[in-house]
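What follows is one structure encoded as structure tokens, with my remarks underneath.
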Amino acid sequence: MSATTMNSGASERAAGRKNSLHRQRLWALWGSYVALAVFAVVFLVPPFYTVVTSLKSSAEISAQVGSPWIVKNPTLENFWYLLTYPNFQTYYLNSVMVTVLTVAFSMIISVLAAFSLSRMGFWGSQLLSTGVFLTYLIPPSLLFIPLFQIVGSIGLINSVWSLVLLYPTLAVPFCTWIMIGYFSSIPKELDEAALIDGASYLQILTKIFIPVAMPGIIAATIFAFTVAWGAFLYPLAYLYTSNQMVLTVGIISDLIRGDVFQWGKIMAACLLASLPPIVIYAFLMDYYVAGLTAGATKG
Amino acid sequence: MADGSSVPAGMIASNGPPRASTMKGVARRKSTVAFLLCLPLILLIAGFVVYPAFYALWLSMLNKKMTAFVGLGNFAFLLKRHTFQLVIFQSCLFAVTAVVAKAILGFILAHLMHNIPSGTNQKIWRGLLLVPWVIPLALSTLTWWWMFDPSYSAFNWILNQFGLANVPWLGVGWIARLCTIAVNVWFGTPFFMIMYLAALKSVPEQLYEAASIDGANALQKLFFVTLPMMRNIIAITVLFSLIVTFADFDIVRILTAGGPQDMTHVFATYAFQIGIQSGDIPLGAADSLFMFPILAFAAFFVLRGVTQRSKDIAA
Chain A
1 MSATTMNSGA SERAAGRKNS LHRQRLWALW GSYVALAVFA VVFLVPPFYT
51 VVTSLKSSAE ISAQVGSPWI VKNPTLENFW YLLTYPNFQT YYLNSVMVTV
101 LTVAFSMIIS VLAAFSLSRM GFWGSQLLST GVFLTYLIPP SLLFIPLFQI
151 VGSIGLINSV WSLVLLYPTL AVPFCTWIMI GYFSSIPKEL DEAALIDGAS
201 YLQILTKIFI PVAMPGIIAA TIFAFTVAWG AFLYPLAYLY TSNQMVLTVG
251 IISDLIRGDV FQWGKIMAAC LLASLPPIVI YAFLMDYYVA GLTAGATKG
Chain B
300 MADGSSVPAG MIASNGPPRA STMKGVARRK STVAFLLCLP LILLIAGFVV
350 YPAFYALWLS MLNKKMTAFV GLGNFAFLLK RHTFQLVIFQ SCLFAVTAVV
400 AKAILGFILA HLMHNIPSGT NQKIWRGLLL VPWVIPLALS TLTWWWMFDP
450 SYSAFNWILN QFGLANVPWL GVGWIARLCT IAVNVWFGTP FFMIMYLAAL
500 KSVPEQLYEA ASIDGANALQ KLFFVTLPMM RNIIAITVLF SLIVTFADFD
550 IVRILTAGGP QDMTHVFATY AFQIGIQSGD IPLGAADSLF MFPILAFAAF
600 FVLRGVTQRS KDIAA
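Here the protein sequences come in this chain order: A and B.
For the first sequence, our numbering puts the final residue at 299, and the numbers step up evenly by one.
For the second sequence, our numbering puts the final residue at 614, and the numbers step up evenly by one.
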């Protein structure tokens, strides 16, 4: 009798403890959600305000009455203005062209180099791998002044082609680094088997390495895209006429005339210019995060 | 790796003289192909990184018209200039404060994310929290600028609703400094979050179980399990972020362009102002070069620590 009560008491206590543990976990879970929600709201304030402002007419913005956080008469006139504005179309096309070429060149250069550095090797290849990593640590603002002189001496000042030439220097080191990591993780038996079967190195690269390391290639591509699409310093320093500008500098130099800020149009332009990265990240974020963290842990 | 594959070839070569030449030939051809594959990379780095670096050194030792050699004159001139002393102070303040804030906030966020069940749910939250980092910085800074606008600031409107006076966000030195730091923290925290989240996920669950059995509380688990396991990724992330933050250009250029009274200038924006806008290329080059020893110093210590710890783990 006493034994059973003791037993049941113990089990009740155990159940109670389990319950409290359960309750504790639940509290932690809901606490996490609340805290995350607070962070998300704070983080999303600027994008939200961009959207709100982009939907306002110039008259509503300059009236400066009432809450700036709400739109009274939503209108798409800013977007319509931009889409039919020849300069903005030029900026967009220039951005697309520069980005596509940068991504293509960067990926070709870095995949070839990573294949060579991770599998074949030559005298000094270890040194080169280290050098590539250290190059990644050089920020663009360190060398933009000598590059200004160099770009000038080859006659590419105020030409989008200067960006096509220079952006790969920002993207290639990290892309190569990511690709070395992915290629090194491919088992050696795979390419040894292919070699025995008489495959050439080029075939090993295109038939085995690239398909197997596709997640890494996607990650590196997104990185190169991000660098080329969002860069601000080089275009600001090297371009000065509107037919050569890309989006990041075009928006600022075109829609801000002296003291006149066309905020509705600026915000709409920011939104349109942020669209490609947002779309790409929405679909391929997992690859990018995996590549980024893999690259860092191998470093 | 390269050494590993070339050693057996050499050993075989010493065994049989007739086959040696072909094996050597294969090895040599292989390394030639390897070198050729790396050639675009080598040319790119040599032409647009190494050469400009030495060219910058040369440029920084010329006079303004680039006609005469002045030795270290530009560096000495900069160091004596009050504006440049402000630049050094602000660059260090900006980088250190922003990186510490990002590291702490990123750590908290990573833990919060780790608490909620993984899967689609976590991915949606991660997507929301990564938005600041996804939008090109130059564009989102424009929005911040608009929110700090002196005549119609969205933040001031909220303050007014609570009966508080307007704040001159970008008009007063120290407030403007805090604003640039805040924008940088807003932009960079998600990067820390995803790096730390990946690190948290890689800590084996058994370690926590073992710690629980030994009676460790949450704080002890954090300090004796989580942090030691994450040390390398924390070090690398901090290094990456420190370099990018220290060399930041976009935020300061767009928000304040260095003002008020040059109090928010950092190395990059100041180099742009004197080198490109005022046309004193050598002085601008000298200004940029001041970043190099500071960054190299940070990189050296962080990377040495990381390789040492990696060796300890391997051993």
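Think of the CB as a built atom: it goes at the ideal place given N, C-alpha and C, for glycine as much as any other residue.
What is the residue span of the alpha helix (DSSP H) that B:Thr440 lies within?
On the second sequence, residue 440 of chain B is found 141 positions in, with the first residue counted as 1. Where B:Thr440 is concerned, the enclosing alpha helix (DSSP H) stretches over 436 to 446.
For a contact defined as C-beta to C-beta under 8 Å, what are the partners of B:Asp354 on chain A?
The sequence position of residue 354 of chain B within the second sequence is 55, counting from 1. Reading off the sequence, residue 354 of chain B comes out as Tyr, not Asp. Those within 8 Å of B:Tyr354 in chain A are Pro146, Gln149, Ile150.
Relative to the C-alpha of B:Asp448, which candidate in B:Gly583, B:Val466, B:Pro431 has its C-alpha closest?
As a first step, residue 448 of chain B must be located in the second sequence, where it is residue number 149. The shortest Cα separation from B:Asp448 among B:Gly583, B:Val466, B:Pro431 belongs to B:Val466.
If we cut at 8 Å on Cβ distances, does A:Ser95 have a partner in chain B?
Along the first sequence, one-based indexing puts residue 95 of chain A at 95. So, not an interface residue.
Measuring CB to CB, does A:Phe183 end up less than 8 Å from A:Phe209?
Locating residue 183 of chain A in the first sequence gives position 183, where the first residue counts as 1. Locating residue 209 of chain A in the first sequence gives position 209, where the first residue counts as 1. In this structure, A:Phe209 lies closer than 8 Å to A:Phe183 by Cβ.
Return no unless some Cβ of chain A is closer than 8 Å to the Cβ of B:Arg603.
As a first step, residue 603 of chain B must be located in the second sequence, where it is residue number 304. No, because no Cβ of chain A sits closer than 8 Å to the Cβ of B:Arg603.
Beta-carbon gap between A:Pro68 and B:Ala453 smaller than 8 Å:
On the first sequence, residue 68 of chain A is found 68 positions in, with the first residue counted as 1. On the second sequence, residue 453 of chain B is found 154 positions in, with the first residue counted as 1. Taking 8 Å as the Cβ cut-off, A:Pro68 and B:Ala453 qualify as a contacting pair.
By the three-class DSSP mapping on this structure, what secondary structure does A:Gly299 have?
As a first step, residue 299 of chain A must be located in the first sequence, where it is residue number 299. Summary for A:Gly299: the model assigns pLDDT 43, below 50, so the residue's position carries little reliability; its value from the coordinates is reported in the next sentence. DSSP places A:Gly299 in coil when its eight states are reduced to three.
From the beta carbon of B:Phe600, is the nearest beta carbon of chain A less than 8 Å away?
For the purposes of this step, residue 600 of chain B is taken as residue 301 along the second sequence, with counting starting at 1. For B:Phe600, the answer is no, since every Cβ of chain A falls outside 8 Å of its Cβ.
Which of the three DSSP states, helix, strand or coil, is assigned to A:Val246?
Within the first sequence, numbered from 1, the residue matching residue 246 of chain A stands at position 246. Residue state, collapsed to three classes: coil.
State the Cα-Cα distance for the pair A:Ser125 and B:Val601, rounded to the nearest angstrom.
In the first sequence, counting from the first residue as 1, residue 125 of chain A sits at position 125. In the second sequence, counting from the first residue as 1, residue 601 of chain B sits at position 302. Each residue's Cα considered, the two are about 23 Å apart.
Which residue wins for smallest C-alpha separation from A:Ala290, given the options B:Ser587, B:Ala595, B:Ala497, B:Glu508?
In the first sequence, residue 290 of chain A corresponds to position 290, counting from 1. Ranking the options by Cα distance to A:Ala290, first place goes to B:Ala497.
What is the DSSP secondary structure of A:Phe261, reduced to helix, strand or coil?
By 1-based counting over the first sequence, the position of residue 261 of chain A is 261. Strand, per DSSP.
Please identify the residue among A:Ala269, A:Trp123, A:Ile280 whose C-alpha is closest to the C-alpha of A:Tyr91.
The count along the first sequence starts at 1 and reaches residue 91 of chain A at position 91. Checking every option, the nearest Cα to that of A:Tyr91 belongs to A:Ala269.
May I have the straight-line CA-CA distance separating B:Ala534 from A:Thr226, to the nearest angstrom?
By 1-based counting over the second sequence, the position of residue 534 of chain B is 235. By 1-based counting over the first sequence, the position of residue 226 of chain A is 226. Cα to Cα, the separation comes out at about 24 Å.
Provide the residue(s) that pair with A:Ile256 in DSSP beta bridges, ordered along the chain.
Position 256 of the first sequence, counted from the first residue, corresponds to residue 256 of chain A. DSSP, once it has assigned bridges, lists A:Phe261 as partnering A:Ile256.
What separation, rounded to the nearest whole angstrom, lies between the Cα atoms of B:Leu340 and B:Gly604?
Walking along the second sequence from the start, residue 340 of chain B turns up at place 41. Walking along the second sequence from the start, residue 604 of chain B turns up at place 305. Taking the straight line from one Cα to the other gives about 28 Å.
When you compare the CB of A:Met245 with every CB in chain B, is at least one pair closer than 8 Å?
Locating residue 245 of chain A in the first sequence gives position 245, counting from the first residue. It does not; no Cβ of chain B falls within 8 Å.
Using only the alpha-carbon positions, how far apart do B:Leu458 and A:Pro215 sit?
As a working mapping, residue 458 of chain B is identified with position 159 in the second sequence. As a working mapping, residue 215 of chain A is identified with position 215 in the first sequence. Computed Cα separation, rounded: 47 Å.
Going by beta carbon distance, what residues of the same chain come within less than 7 Å of A:Leu236, once the five residues before and after it are set aside?
Within the first sequence, numbered from 1, the residue matching residue 236 of chain A stands at position 236. Excluding residues within five positions, the ones whose Cβ falls inside 7 Å are Val249.
If you drop the 5 nearest sequence neighbours on each side, which residues of the same chain put their C-beta closer than 8 Å to that of B:Leu436?
Position 137 of the second sequence, counting from 1, holds the residue named residue 436 of chain B. Counting only Cβ-Cβ distances below 8 Å, and skipping sequence neighbours, we find Phe486, Asp549, Ile550.
Starting from the beta carbon of A:Ile266, find every residue of chain B whose beta carbon is closer than 8 Å, and list them in chain order.
Residue numbering aside, residue 266 of chain A sits at position 266 when the first sequence is read from its first letter. The contacting residues are Leu441, Trp445.
My output table needs one value for A:Phe372: the three-state DSSP class, helix, strand or coil.
Nothing in the structure corresponds to residue 372 of chain A, since chain A is present only between 1 and 299.
Would you call B:Lys379 buried or exposed, if buried means 16 or more other Cβ atoms sit within 10 Å of its Cβ?
Taking the first residue of the second sequence as 1, we reach residue 379 of chain B at position 80. Counting Cβ neighbours within 10 Å, B:Lys379 comes out exposed, since fewer than 16 surround it.
Under three-state DSSP, which class holds A:Leu272?
What you label residue 272 of chain A is simply residue 272 of the first sequence in a count that begins at 1. Of the three classes helix, strand and coil, the one that applies to A:Leu272 here is helix, per DSSP.
Hey, out of B:Phe589, B:Gln607, B:Asp579, whose CA is closest to B:Ala635's CA?
The structure shown does not extend to residue 635 of chain B, since chain B is modelled only from 300 through 614, so no value can be given for it.
Secondary structure of B:Phe461, DSSP reduced to three states:
Taking the first residue of the second sequence as position 1, residue 461 of chain B is located at position 162. The answer is coil: DSSP assigns B:Phe461 none of H, G, I, E or B.
Among A:Gly264, A:Ala294, A:Met107, A:Asp286, the one whose alpha carbon lies nearest that of A:Leu82:
For the purposes of this step, residue 82 of chain A is identified with residue 82 of the first sequence, where counting begins at 1. Answer by Cα proximity: A:Gly264.
At what residues does the alpha helix (DSSP H) containing A:Thr75 begin and finish?
For the purposes of this step, residue 75 of chain A is identified with residue 75 of the first sequence, where counting begins at 1. No alpha helix (DSSP H) contains A:Thr75, which DSSP labels as neither H nor E.
Assign B:Gln607 to one of two classes, buried (16 or more other C-beta atoms within 10 Å of its C-beta) or exposed (fewer than that).
Working through the second sequence from its first residue, we reach residue 607 of chain B at position 308. Label assigned to B:Gln607: exposed.
At a Cβ threshold of 8 Å, is B:Leu343 touching chain A?
By one-based count along the second sequence, residue 343 of chain B stands at place 44. Yes, its Cβ sits closer than 8 Å to a Cβ of chain A.
Below 8 Å, how does it come out for the region 347 to 361 of chain B and the region 140 to 151 of chain A: are there three or more Cβ pairs, yes or no?
yes
Contacts that A:Phe283 makes with chain B (C-beta to C-beta distance below 7 Å):
Looking up residue 283 of chain A in the first sequence gives position 283. Within chain B, no residue comes near A:Phe283; the closest Cβ sits about 11 Å away, beyond 7 Å.
Quick check on the burial criterion: 16 or more other C-beta atoms within 10 angstroms. Buried or exposed for B:Pro431?
Within the second sequence, the letter at position 132 stands for residue 431 of chain B. It is buried - the Cβ of B:Pro431 has at least 16 other Cβ atoms within 10 Å.
Using the beta-carbon of each residue, which ones in chain B are nearer than 7 Å to A:Tyr287?
Mapped onto the first sequence, residue 287 of chain A falls at position 287. Near A:Tyr287 there are no residues of chain B at all, since even the closest Cβ is about 13 Å away, more than 7 Å.
Mind checking which residues open and close the alpha helix (DSSP H) that includes B:Tyr354?
For the purposes of this step, residue 354 of chain B is taken as the residue at position 55 of the second sequence. Start and end: 350 to 358.
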